[in-house]
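Residue numbers are given in the numbering used here: position 247 of the sequence shown equals residue 479, and the series is strictly consecutive.
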Amino acid sequence: MSSTSYSGAADTRAPASPARSRRVVDAPTRVFHALFALCFLGAYLTSEGESMRLLHVTLGYSMAGLLAFRVVYGLVGPRQARLSLLWRKLGSLPQWLASLKQGVADGSLVAVNWRQGQNLVLAIAVVALLVLVVPLTASGYATYNEWGDWLGEVHEVAGNAFLLLVLAHIGVIALMSLLRRKNMAMQMVHGRTEGPGPDLVQRNHGWLAVLMLVAVLGYWSWEWQQSPNGLISAQAVSDLVSGRETDDGDD
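The following block contains the structure:
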């Protein structure tokens, strides 16, 4: 009797609804973000010595090209990818700082819009990264063409400043993920966020993301073919192999 009652109760339960999500970042923006981060990481790791100088320069040029794409896409692309959104967020900074000052004076920080503050910090970091690419790549080009030794120092300072901004950017994302209790970084992987509601990005524009990826890979291939010894010198490969053999020997 009890078994039958249990089965009937189980049958009347409503099935669990699947977790809902909505698209907030389109494919071109995500691919740009991934390639931009990869190029900087590779350029930073190959910044020392002459053996990988051509690879370092190629990655730097790639960053400049990706920046050009992002600016154009931010001017003529869909509304969600427009750079004007960043400027509007930055435009609200004085108002938010005034509310923070008033909250401190009144001893009521709970009334401050902290979510807006998080978005402002993130927007500042993104704009700073995009702006800093200009002196970073320009000084790199000048250094490569030997326009002056002092430009090499400028390039190094810009590179270290860019690294600090990247780390700050990652820190802000980690903090926002902790405060909002969801992985904010995954939005740049699959372009979606948890929660009900319509997609903020109606069209994914996957074709444009593929075109950008093909263009970058094609440029790398062209640079490799134009280099007599490739983008990585034989000495660099030899050093890597010998270093690996030394490590294996030590083990």
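Even for Gly, the Cβ is constructed at its ideal location relative to N, Cα and C.
- prompt: For S371, does the three-state DSSP call read helix, strand or coil?
  reply: helix
message: Restricting to Cα atoms, I'd like to know which of W346, S316, Y451 and G297 is closest to L332.
response: W346
query: If you count every other CB in all the chains shown that lies within 10 Å of the CB of S237, and 16 or more means buried, which is it?
result: The pLDDT assigned to S237 is 46, lower than 50, so where the model puts this residue is not dependable, and the model offers no usable value.
message: With a threshold of 7 Å between beta-carbons, can A370 be considered close to chain C, or not?
response: Reference to chain C is not applicable here, since this structure consists of a single protein chain.
Contact the segment 314 to 326 vs the segment 370 to 383: 3+ CB pairs below 8 Å: no
message: Alpha carbons only, please: which of P326, W456, S459 and R435 is nearest the one belonging to R510?
response: The question about residue 510 has no answer here: the residues shown for the chain are numbered 233 through 483.
task: Since I believe L432 is in contact with Q312 (beta carbons under 8 Å), could you give me their beta-carbon distance rounded to a whole number of angstroms?
output: That belief holds up - the Cβ atoms of Q312 and L432 are roughly 6 Å apart, short of 8 Å.
- prompt: By DSSP, does R262 sit in helix, in strand, or in coil?
  reply: helix
field: C-alpha gap between V398 and Q458, whole angstroms
entry: 32 Å
- request: Note down, in chain order, each residue of its chain lying with its Cβ closer than 7 Å to the Cβ of V363, except the 5 sequence neighbours on either side.
  value: none
- request: Please specify which runs of the alpha helix (DSSP H), each continuous and at least 4 residues long, are wholly inside the segment 294 to 359, giving them in chain order.
  value: 315 to 323 and 325 to 338
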